[in-house]
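If you're matching positions, the sequence shown starts at 8 in this note's numbering and goes up one per residue.
By construction, the Cβ of each residue, glycine as well, lies at the ideal position given by its N, Cα and C atoms.
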Amino acid sequence: MKIFGIGIDVIEVERIEDAMEEFGDRFLDRIFTEEERDYCLNQKRPAIHFAARWAAKEAVSKAFGTGIGELLAWQDMEIARLHSGEPEMILHGRGRQFVEERGITQVKISLTHAKNYAAANAVAMGER
């Protein structure tokens, strides 16, 4: 298996808290899937979990070399949790199309967060 690309991102949790306070559901609905919102809003400190997912989406967009925009939108990426607790990247729409066209068969992500920061990295791999 060959590495297509790697990405990393770090974000201040306060940026997400500020966006949640200023824009509320409009912000959350634009960036996060319903399942992501349900998960994060049921945590003790939702903003830190939203921040980690933001970072993961940014990291994947860097691994793909697309950024967030025409080829890959926020809602094209969804972070779920396996039964083991491991985060899993699920791709929808243009994200799914992007990996299929480029032979990417696996996107591994890792999330972390502390009091003030959240970070994530991503590795996109495939046979080509």
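What is the C-beta distance between residue i and residue j, in whole angstroms, given that I count them as a contact (C-beta under 8 Å)?
i: E85; j: T119; result: Not confirmed; about 19 Å, so no contact.
i: I55; j: V17; result: About 13 Å separates the two Cβ atoms, so there is no contact after all.
Return the residue from the list the options that minimises the CA-CA distance to residue i.
i: I111; options: K51, A70, S91, L48; result: A70
i: L79; options: K122, L48, R103, A121; result: R103
i: L48; options: E65, G92, G100, E24; result: E24
i: G92; options: I116, A62, D83; result: I116
i: Q127; options: K51, R37, K64, I10; result: First, the amino acid is wrong: residue 127 is Ala here, not Gln. Ranking the options by Cα distance to A127, first place goes to K64.
With a threshold of 6 Å on Cβ separation, who are the neighbours of residue i within its own chain once the five nearest residues in sequence on each side are excluded?
i: I13; result: A70, V130
i: A26; result: F34
i: F57; result: I23, C47
i: R44; result: L35
Which residues in the same chain as residue i place their Cβ atom closer than 8 Å to its Cβ, once the five residues preceding and following it in sequence are excluded?
i: V114; result: V67, A70, M96, L98, V106, A129, V130, A131, M132
i: N123; result: E19, V20, E21
In the structure shown, what three-state DSSP assignment does residue i receive?
i: K69; result: helix
i: G133; result: strand
i: A127; result: strand
i: K64; result: helix
i: E19; result: strand
Per DSSP, residue i is paired with what?
i: K9; result: G133
i: S91; result: Answer is none; S91 lacks a bridge partner.
i: M84; result: L98
i: A120; result: Going by the sequence as given, residue 120 is His instead of Ala. Answer by DSSP bridge pairing, in chain order: A125.
i: V106; result: Answer is none; V106 lacks a bridge partner.
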